[in-house]
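Just so you know, the protein sequences line up as chains F and S, in that order.
Each residue of the first sequence is one higher than the one before, counting from 25 in the working numbering.
Each residue of the second sequence is one higher than the one before, counting from -2 in the working numbering.
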Amino acid sequence: MEQLNDVLSAISHPTRRAIIRRLANGPARFLEIAEPFDVALNAITKHLKLLERAGLIEREKRGREVLISLRPKALRLVADWVHEYERFWNERLDEFEGYFKQQRSKKR
Amino acid sequence: MNNAAKTIEVTVERIIPATPGDVFDAWLNPKIPGNPWNMADKLLLNPTVDGFFYWTVKSTPHYGRFTAVEKAARLQHTWMSPNTSGLESTVTVTFKAKGKDTVMTLVHSGLPDTDGGRSHGKGWNFFLDGFQSQLAKSGGV
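Okay, structure coming up:
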């Protein structure tokens, strides 16, 4: 149950969900993960630490590089727990919120 | 025979950077990304009390009746789709000002708590692949 709490907390943020989606396509380096986000690298580091603590990602050293990859097993906990409509509305509202954030940043 | 189905409620909340009036209008405007109407292949939408909506995604129908339309404050409608297993679920959306922003709370109640409603392996893929592409494959929720 404790891990489920960590996982739910980890996926409660749209940036962390976007990171998970990116890693679902395959392992990536830190800067590749951070690139699409308009936030400080420090913030991405914090997001990754939370995902790691929840068991959702792992780091693997390959030579001089560190590759970050998804550990999907932890997400299965959520898949068994969250109702399909919860995901549906979360995704809808993420997109809706994103639209308004874009509008506001255009006005600036 | 007991026909009473166990139901659950889903609550989702966001802080939207706009006034409640703008957020309310945008939620009912099919051109705005993120609202449910935006993704429809076919859409009939009459957001007045006792007005109906009908939309399809990949031929999967979703329909309901508006039961409350309070501009810039609250919206409520019923919601039926193949995934509500014949139950008439209810979606209530409230819009509350918070400084320059709006706290938008969506409560979807009366959802069947069945294996079909819960995700298991299917939901796992749904989550990872991103909503739009999965919805296209699964034909709606």
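No residue lacks a Cβ here, since even glycine has one placed at the ideal position from N, Cα and C.
Please confirm if residue i has its CB atom under 8 angstroms from at least one CB of chain S.
| i | result |
| --- | --- |
| F/R40 | no |
| F/K130 | no |
| F/S36 | no |
Within 8 angstroms (strictly less), CB to CB, does residue i reach chain F?
| i | result |
| --- | --- |
| S/R11 | yes |
| S/L103 | yes |
| S/L108 | yes |
| S/S116 | Below a pLDDT of 50, predicted positions are generally treated as unreliable, and S/S116, at 38, falls in that range; no measurement from the model is reported. |
| S/V100 | no |
| S/A15 | yes |
| S/G61 | no |
| S/N32 | yes |
| S/V7 | yes |
| S/N26 | no |
| S/N43 | no |
Using DSSP with H/G/I as helix, E/B as strand and the rest coil, what is residue i?
| i | result |
| --- | --- |
| S/T16 | coil |
| F/I44 | helix |
| S/R62 | strand |
| S/P78 | Rather than Pro, the amino acid found at residue 78 of chain S in this sequence is Ser. Coil at S/S78, not helix or strand. |
| F/R116 | helix |
| S/L25 | coil |
| F/L80 | coil |
| S/T45 | coil |
| S/F50 | strand |
| F/I68 | helix |
| S/G83 | coil |
| F/G122 | helix |
| F/R86 | strand |
| F/I57 | helix |
| F/S129 | helix |
| F/S33 | helix |
What residues are listed by DSSP as bridge partners for residue i?
| i | result |
| --- | --- |
| S/T102 | S/E10 and S/T91 |
| S/E67 | S/R71 |
| S/K39 | S/T53 |
*Taking contact to mean at least 3 C-beta pairs separated by less than 8 angstroms, is the stretch 71 to 86 of chain F in contact with the stretch 30 to 48 of chain F?*
Verdict: yes, contact present.
_Selection of the stretch 108 to 130 of chain F by Cβ proximity to chain B, strictly under 8 angstroms_ = Although the question refers to chain B, the structure presented lacks it and instead comprises the protein chains F and S.
*Spell out a yes or no on whether the stretch 93 to 101 of chain F and the stretch 45 to 55 of chain F are touching, meaning 3 or more CB-CB pairs, one atom from each, closer than 8 angstroms.*
Yes: the two stretches touch, three or more of their Cβ pairs being nearer than 8 angstroms.
*asked:* Whether or not the stretch 109 to 128 of chain F and the stretch 7 to 25 of chain S are in contact is what I'm after, with contact meaning three or more pairs of Cβ atoms, one per stretch, closer than 8 angstroms; do they touch?
replied: Yes: at least three Cβ pairs fall under 8 angstroms.
_Three or more C-beta pairs below 8 angstroms linking the stretch 28 to 39 of chain S and the stretch 49 to 60 of chain S_ = The stretch 28 to 39 of chain S vs the stretch 49 to 60 of chain S: in contact.
*For the stretch 71 to 79 of chain S against the stretch 54 to 61 of chain S, are there 3 or more C-beta pairs whose distance is under 8 angstroms?*
The answer is yes - the stretch 54 to 61 of chain S touches the stretch 71 to 79 of chain S, with three or more Cβ pairs under 8 angstroms.
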